[in-house]
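Have a look at the structure below before the remarks.
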Amino acid sequence: MSWRRWRPRTPILVSRGPRGAARSACTTAGPDHEGDGAGVTTGGRQVAERDEARAQARLTAARLSADGVDAVALTWVDNAGIARVKGIPLSRLVDAAVHGIGMSPVFDVFLVDDAITTSRHIGGPDGDLRLFPDLDRAVALAAQPGWAFAPVDRYAQDGTPHPACQRQFAAAMAARAAEFGVTFRAAFETEWIVQRQAAPGEPPSYPTDGPAYGLHRLTDLSDYLREVLLALEAQGLTVQQIHPEYAPGQFEVSVAAADPVAAADDAVLVRTTIRGVSARHGLRASFAPAFEAGGVGNGGHLHLSAWQDGHNLMADPAARDSFLGGVLDELPALLALGAPSVASFLRLVPSHWAGVYRCWGVENREAALRVVEAPHLLPRPERPRRPAPGLLDDTIDAADTNGEDPTQALLRDLEESERLRQAEQAAAESGAPANVEVKCFDQSANPYLAVGGVIAAGLAGMDSGAKLPDPVQGDPALLPPDRRPPRLPADLGESLAAFRVSTVLHEALGEVLFEAVAAVRAAEQEAYGARPPEDVIAATRWRY
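Numbering (the UniProt record's numbering), first residue to last: 1 to 544.
In structure tokens:
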């Protein structure tokens with residue numbers, strides 16, 4: 001199995017159809033102006049398309065109303081990794097689906113602290129965009145009664161896709177791969193630290209002092225964690241596991257993989273849900289990469305598998321190596337998308353399982369790229385023991401042979417055991433759950449940029465025939481200097497420098513989005529890069 005050839009091209013912007021689907025922007029352009037009831041609209045949206053959107057929105061509104069929803073949070077994530085929102089009453093959902101909801105382009109150059117910078121293309125008070133909700137992702141929020149969540153795609157007033165729309169960028173990268181028969185499944189791990197609600201300036205107050213990964217900690221907060229689990233599942237998310245993590249008050253939840261855009265939507269929805277449940281329990285959740293100076297922060301690891309003709313390419317070294325080689329080549333620049341905060345680099349510390357060295361390894365949690373192998377998917381059968389000499393008669397007498405010849409019954413059991421063993425091996429070798437984990441990413445990232453950037457880098461590696469170095473075993477920090485792989489950037493300034501010269505990411509993101517990301521990174525580095533860790537943490541602890 002090998003990747004089909006891919007060539008770089010002009011960025012493709014797509015508008016979203018049903019979950020996991022994508023439609024060309026040239027056939028589903030965008031908004032009409034408010035109140036415009038004309039036949040063919042300025043954005044190229046035809047009457048039939050507008051009527052289809054109206055009909056779907058009415059059905060969605062009826063579904064949400066039956067779930068007790070009164071208002072909808074139209075949500076996008078900016079280049080600083082902050083989820084922004086415009087709320088509308090449910091009665092306006094049809095209008096939003098047909099005409100869009102207005103917003104300023106300036107949010108693309110907001111910083112984590114709400115300061116505003118400018119890029120070569122975005123900044124200032126002029127201009128307007130339209131937000132269009134993805135109705136297939138609209139869901140009642142279990143922890144925020146009366147509210148629904150709906151991610152949005154952003155369009156210009158003339159109906160063309162906004163070139164800095166991060167969600168459409170992720171969809172474009174998935175569509176680019178799909179042209180060659182490759183699809184991706186992705187999931188983000190969510191780690192968070194929970195505290196009791198406290199006045200500003202008060203020291204941290206953790207609701208549990210249980211040990212890392214300890215049942216004690218789960219027991220202390222069992223009602224809280226149960227409600228997190230139930231709320232996520234009520235919203236259609238499949239929870240894989242939920243457990244205490246290493247840092248004080250820290251937990252992790254993992255949900256099932258989805259297509260890249262849906263996985264990023266899920267990451268936003270998971271965090272929103274945890275915040276809502278936390279507030280209902282008098283707690284406060286932080287997803288920041290650094291929470292206390294010198295402590296273990298919150299990661300946001302990305303898991304990614306690639307599929308072609310029903311085969312998981314991440315289970316096949318011959319197929320995956322050029323993709324992973326492309327990601328590894330671009331990893332210093334990718335940190336500007338996946339670990340984009342000044343605080344991110346307080347988390348990226350050697351020997352902390354954060355993946356700070358530019359290397360890969362099979363099941364190596366210190367490697368920046370960890371290849372997760374397929375486990376045995378079937379429970380190991382209990383092997384019938386071959387009887388010792390002289391005990392055959394006793395074994396046969398004890399067996400329930402249902403009238404079958406005792407020797408044949410024993411042979412049948414042995415054959416069934418061997419069949420199960422072979423099936424188990426085949427399932428493992430099929431690589432169904434095999435994936436790559438990008439361990440150096442965290443939740444200050446815009447998840448759409450993170451997953452789209454990794455796909456873009458991997459596709460470029462496929463095209464160039466990128467080679468992987470030998471895998472690393474053990475902690476790279478403990479290797480002799482002459483065998484140690486290079487460190488990833490040590491601060492945001494170094495990552496930004498790598499990002500600025502990345503032709504792969506510039507081509508994939510497009511000029512407008514690329515420059516907006518660079519402007520935000522440069523402004524945050526200028527504002528926080530020289531400040532002591534305690535100041536950086538205090539400024540960002542509750543922003544993410």
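Just so you know, even glycine gets a beta-carbon here, dropped at the ideal spot from N, CA and C.
Apart from the 5 residues on each side of it in sequence, Leu230 sits with its Cβ closer than 8 Å to the Cβ of Ala142 in its chain, given in chain order. Within a 10 Å sphere around the beta-carbon of Ala293 sit fewer than 16 other beta-carbons, which makes this residue exposed. In this structure, the alpha-carbon of Gln473 lies about 53 Å from that of Asp126. Counting along the chain, Ile274 sits inside no beta strand (DSSP E); it lies in the alpha helix (DSSP H) bounded by residues Pro260 to Arg280. As the crow flies, the alpha-carbon of Asp491 is around 37 Å from that of Glu179. In this structure, Val194 and Gly249 form a Cβ contact; the two beta carbons are roughly 5 Å apart against a cut-off of 8 Å. Uninterrupted alpha helix (DSSP H) stretches at least 4 residues long and entirely within the UniProt domain "GS beta-grasp" (67-159) occur at 93-99, given in chain order. With respect to Val72, Leu90 sits close: the two C-beta atoms are nearer than 9 Å. Around the beta carbon of Leu269, 16 or more other beta carbons sit within 10 angstroms, so the residue counts as buried. Within the region 164-248, the runs of alpha helix (DSSP H) that reach at least 4 residues and sit entirely inside it are, in chain order, 166-178, 215-220 and 222-234. For Arg484, no alpha helix (DSSP H) segment is defined, and its DSSP state is neither H nor E.
Three or more pairs of CB atoms, one per stretch, sit closer than 8 Å, so the region 303-323 contacts the region 449-461. Rounded to whole angstroms, Glu252 and Thr407 show a C-alpha spacing of 52 Å. For Gln443, the three-state secondary structure derived from DSSP is coil.
Bounds of any alpha helix (DSSP H) do not take in Glu252; it lies within the beta strand (DSSP E) bounded by Gln250 to Val255. In chain order, Leu496 place their CB closer than 7 Å to the CB of Ala522, counting only its own chain and leaving out the 5 sequence neighbours on each side. Burial state of Arg226 is exposed, judged by a 10 Å Cβ sphere holding fewer than 16 other Cβ atoms.
A contact is defined here as three or more CB-CB pairs under 8 Å, and the region 463-471 fails this definition with respect to the region 184-191. Pro471 and Arg484 do not touch by the CB rule: their CB atoms are close to 14 Å apart, not below 8 Å. Distance from Arg130 to Ile101 at the Cβ level is roughly 7 Å; contact confirmed, criterion being Cβ atoms closer than 8 Å.
When C-beta atoms of the region 311-329 are compared with those of the region 507-515, fewer than three pairs fall below 8 Å, so the two segments do not count as touching. A Cβ-Cβ contact shorter than 9 Å links Ala343 with Ile537. According to DSSP, residue pairing for Tyr357 in a beta bridge involves Ala367 and Arg487.
In terms of Cβ geometry, Ala450 and Gly282 do not form a close pair [threshold 9 Å].
In this structure the region 207-222 does not touch the region 260-280; the number of beta carbon pairs closer than 8 Å is below three.
Taking a C-beta distance under 9 Å as the contact criterion, Cys440 and Gly338 qualify as a contact pair. Counting every other CB atom within 10 Å of its CB across the protein chains shown gives Glu415 a total below 16, marking it as exposed.
Nearest to Glu437 by alpha-carbon distance, out of Glu373, Pro480 and Tyr224, is Glu373. Among the bridge pairs identified by DSSP, Pro161 is matched with Tyr155.
Counting along the chain, the unbroken alpha helix (DSSP H) around His506 starts and ends at Thr503 to Leu509. Taking C-alpha positions only, Ala319 is separated from Trp360 by approximately 16 Å. Taking 9 Å as the cut-off, the Cβ atoms of Asp67 and Ala175 do not count as close. Ser305 has Arg185 as its beta-bridge partners, per DSSP. Pro105 is positioned such that its CB atom lies no closer than 9 Å to that of Asp134.
By the Cβ-count criterion, Pro532 is exposed, with fewer than 16 other Cβ atoms from all chains shown falling within 10 Å of its own Cβ.
Leu369 sits close to Leu331, with the two beta carbons spaced by under 9 Å.
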